[in-house]
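Here is the structure we will look at.
In mature numbering (1 follows the signal peptide of the UniProt record, and there is no 0), the protein residues as written are -20 to -1, 1 to 265.
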């Protein structure tokens, strides 16, 4: 019995040794970085600082030199924030023909509380967030520097979309109400309209009267994110619905199954689906 056990052990050892000496059947031919986009650094006069832009160009951009493209401007567009998954979503939506081929411009953050908020009268917020209150400068940066730069560097058309969530949604809401002509489409997700005791929300009925004379699409959504944020989003939707401006197309899409962490990706995909005229026209045929 001992001899059988020793023979079996020897067989197993020799078998494992022979396997370890086998030559690999797959060899590495090459490795190279996988590139999703371009990181560009620009000097902003409006902001008095350098800013990083993460840019995604659609497949075939370098082949058809006459084609122009819509531009999607993404707030919170740092590589470690929302740029990678939103650029991937744009690529996927293009592949399944939900979205036309588009350029994505992710605006990387330096101080989002500073850039995405207007001055507050709330003493506690001033104390806790001392850098806040410079959204007017950031909007000037978008209007006077960023959009002209992108239009000069890339083959763009007149379609411009902004995507913002949370404080980014607050900024997108402020742009809609104060500088509506900057974008054709607004994806406003879980906006922090509670800022400054809801002063922007309270001013919205008067500000909405200044909308531009071109068609504007607004996609507004909110998840299960607390009564204040949910109620503010609903009130904002009501204000927009009551607008007599026939050029304003509002889609309000509450998403109760989502929370503040999960809503952005799913909401953006839904917005692409319901707002894209290319898909609608194709389905109608």
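We treat Cβ as the ideally placed atom computed from N, Cα and C, and that holds for glycine.
Quick check on the burial criterion: 16 or more other C-beta atoms within 10 angstroms. Buried or exposed for residue i?
i	result
residue 119	buried
residue 209	buried
residue 40	exposed
residue 63	buried
residue 28	exposed
residue 34	buried
residue 21	exposed
residue 227	exposed
In the DSSP assignment, the beta strand (DSSP E) including residue i goes from what residue to what residue?
i	result
residue 138	136 to 145
residue 30	29 to 36
residue 52	49 to 54
residue 21	18 to 24
residue 6	Neither: residue 6 is in no beta strand (DSSP E) and is coded neither H nor E.
residue 167	165 to 169
State the Cα-Cα distance for the pair residue i and residue j, rounded to the nearest angstrom.
i	j	result
residue 114	residue 93	9 Å
residue 99	residue 16	36 Å
residue 74	residue 225	31 Å
residue 106	residue 176	10 Å
residue 174	residue 212	7 Å
residue 215	residue 8	58 Å
residue 102	residue 231	32 Å
residue 82	residue 51	6 Å
residue 202	residue 247	9 Å
residue 255	residue 78	9 Å
residue 53	residue 87	7 Å
residue 200	residue 5	54 Å
residue 181	residue 84	29 Å
residue 69	residue 155	24 Å
residue 26	residue 222	35 Å
residue 131	residue 137	8 Å
residue 245	residue 60	15 Å
residue 178	residue 191	20 Å
DSSP puts residue i in a beta bridge; with which residues?
i	result
residue 232	200
Considering Cα atoms alone, identify which of the options is closest to residue i.
i	options	result
residue 66	195, 108 and 37	37
residue 141	49, 173, 193 and 14	49
residue 151	117, 132, 137 and 126	117
residue 134	18, 223, 14 and 251	18
residue 239	228, 145, 45 and 42	145
residue 125	228, 249 and 31	31
For the alpha helix (DSSP H) that residue i lies in, which residues bound it at each end?
i	result
residue 69	63 to 75
residue 249	243 to 255
residue 83	Note, residue 83: premise wrong, no alpha helix (DSSP H); beta strand (DSSP E) at 83 to 87.
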